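In our numbering, the protein residues as written are 1 to 221. C-beta: ideal position from N, C-alpha, C; glycine also. Values in this document were obtained by computation on a predicted structure and should not be read as measured data. See structure below.
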Ligand SMILES: NC(=O)CC[C@H](N)C(=O)O
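Written out as structure tokens, the structure reads:
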């Protein structure tokens with residue numbers, strides 16, 4: 001299984017994601033620099049990592065979303081290739097328009113860095129098939145802009161179409177309806193604030209994140 005991780009100036013979770021992908025696929029992902037205009041052929045999975053790309057200037061993810069490589073990522077997403085954006089990656093995906101809504105400053109105005117409980121809301125997606133319906137899992141968060149916002153019509157549509165993948169089971173950042181992660185309409189793009197790549201081996205304190213990668217990588221294998 002060929003996978004790729006996109007790297008921006010200021011990404012700092014790209015290696016965590018690479019380790020997770022290598023552990024699950026047995027093969028190192030291609031690390032793709034943001035100025036590349038083409039992606040390797042035959043990718044089964046594209047990861048947009050967490051971090052502080054471009055120092056979070058303007059808005060988190062706003063500058064990275066205009067990187068040359070993102071045009072290729074959007075094209076692959078439209079072809080149905082699974083695209084996974086975590087934390088800053090989620091922010092970048094909303095800024096490209098691949099996912100709706102925006103990630104605003106946390107309601108408490110503080111950086112939140114801890115394990116949080118969240119429930120799996122949709123187990124039908126390629127990313128969440130390894131979880132049980134309404135299962136509560138623990139995954140770390142580390143962000144200051146995780147407060148998901150969308151207008152009520154968009155939130156209703158996301159809920160009605162089963163596109164809320166994960167919801168916080170506790171107050172974390174003020175996100176609308178407690179939304180922690182959402183899917184695109186086709187179900188092949190997932191953005192989430194918590195970091196499943198930081199919960200993939202016993203030394204991390206649990207394996208709740210590992211099943212996400214196992215599920216999606218098996219689905220495309
Ligand atoms: N860990 C991260 O990806 C941080 C995301 C983002 N820069 C924020 O703090 O909101």
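task = Return yes when the C-beta of residue 88 is under 7 angstroms from any heavy atom of ligand 1, and no when it is not.
result = Taking the first residue of the chain shown as 1, we reach residue 88 at position 88. Result yes, Cβ under 7 angstroms from ligand 1.
query = Cβ-heavy atom distance between residue 26 and ligand 1 below 7 angstroms?
reply = Position 26 of the chain shown, counted from the start, is the residue given in the question as residue 26. Checking the Cβ of residue 26 against ligand 1 gives no.
request  = Return yes when the Cβ of residue 122 is within less than 8 angstroms of the Cβ of residue 89, no when it is not.
outcome  = Counting from one through the chain shown, the residue named residue 89 turns up at place 89. Counting from one through the chain shown, the residue named residue 122 turns up at place 122. Not in contact: residue 89 and residue 122 (Cβ atoms no closer than 8 angstroms).
inquiry  = Could you compute how far the alpha carbon of residue 134 sits from the alpha carbon of residue 124?
reply    = Numbered from 1 along the chain shown, position 134 holds the residue referred to as residue 134. Numbered from 1 along the chain shown, position 124 holds the residue referred to as residue 124. C-alpha separation (whole angstroms): 12 angstroms.
message = If distances are taken between C-alpha atoms only, which option among 192, 35, 47 comes closest to residue 63?
response = Taking the first residue of the chain shown as 1, we reach residue 63 at position 63. The shortest C-alpha separation from residue 63 is found at 35.
ask   = When you compare each of 179, 218, 204, 221 to residue 87 by their alpha carbons, which one comes out closest?
value = Residue mapping note: residue 87 aligns to position 87 of the chain shown, counting from 1. That would be 179, whose Cα lies nearest to the Cα of residue 87.
key: Short Cβ contact (8 angstroms threshold) for residue 146 with residue 112   = To locate residue 146, count along the chain shown from 1; it is residue 146. To locate residue 112, count along the chain shown from 1; it is residue 112. Against a cut-off of 8 angstroms, the Cβ pair of residue 112 and residue 146 comes out as a contact.
key: Bridge partners - residue 140, DSSP secondary structure assignment   = Mapped onto the chain shown, residue 140 falls at position 140. In the DSSP output, where bridge partners are listed per residue, residue 140 has 115.
message = How far does the beta strand (DSSP E) with residue 102 in it extend, from its first residue to its last?
response = As a working note, residue 102 is residue 102 in the chain shown. Per DSSP, residue 102 belongs to the beta strand (DSSP E) from 102-104.
ask   = Just reading off the alpha helix (DSSP H) that residue 126 is part of, what are its end residues?
value = Along the chain shown, read from residue 1 onward, the residue named residue 126 stands at position 126. Counting along the chain, residue 126 falls outside any alpha helix (DSSP H), and DSSP gives it neither H nor E.
task = Have a look at residue 128 and residue 83 and give me their C-alpha separation to the nearest angstrom.
result = Here residue 128 refers to the residue found at position 128 when the chain shown is read from its first residue. Here residue 83 refers to the residue found at position 83 when the chain shown is read from its first residue. Distance between the alpha carbons of residue 128 and residue 83 is about 14 angstroms.
query = So who's on the other strand from residue 92, going by DSSP bridges?
reply = One-based indexing of the chain shown puts residue 92 at position 92. For residue 92, which the question treats as bridged, DSSP gives no partner whatsoever.
request  = List the endpoints of the continuous alpha helix (DSSP H) containing residue 154.
outcome  = In the chain shown, the residue the question calls residue 154 occupies position 154. Element bounds for residue 154: 152-160.
key: Where the beta strand (DSSP E) containing residue 167 begins and where it ends   = Residue numbering aside, residue 167 sits at position 167 when the chain shown is read from its first letter. It spans 164-168 - the beta strand (DSSP E) in which residue 167 sits, taken as one unbroken run.
ask   = For residue 11, which beta-bridge partners are listed by DSSP?
value = In the chain shown, residue 11 corresponds to position 11, counting from 1. For residue 11, which the question treats as bridged, DSSP gives the partners 51.
ask   = Does ligand 1 have even one heavy atom less than 7 angstroms from the beta-carbon of residue 204?
value = Translated into the one-based positions of the chain shown, residue 204 becomes position 204. For ligand 1, not one heavy atom lies less than 7 angstroms from the Cβ of residue 204.
task = Would you please state the rounded distance, in angstroms, between the beta carbons of residue 189 and residue 103? I believe it to be under 8 angstroms.
result = By 1-based counting over the chain shown, the position of residue 189 is 189. By 1-based counting over the chain shown, the position of residue 103 is 103. With a Cβ gap of about 15 angstroms, residue 189 and residue 103 do not count as contacting.
query = Do we get a CB-CB distance below 8 angstroms when we pair residue 96 with the residues of chain B?
reply = In the displayed structure, chain B is absent; only one protein chain is listed.
query = Going by the C-beta, is residue 145 closer than 7 angstroms to any heavy atom of ligand 1?
reply = Here residue 145 refers to the residue found at position 145 when the chain shown is read from its first residue. Flag set: Cβ of residue 145 near ligand 1.
request  = Provide the residue span of the alpha helix (DSSP H) that contains residue 70, from first to last.
outcome  = Position 70 of the chain shown, counted from the start, is the residue given in the question as residue 70. That run of the alpha helix (DSSP H) goes 68-78.
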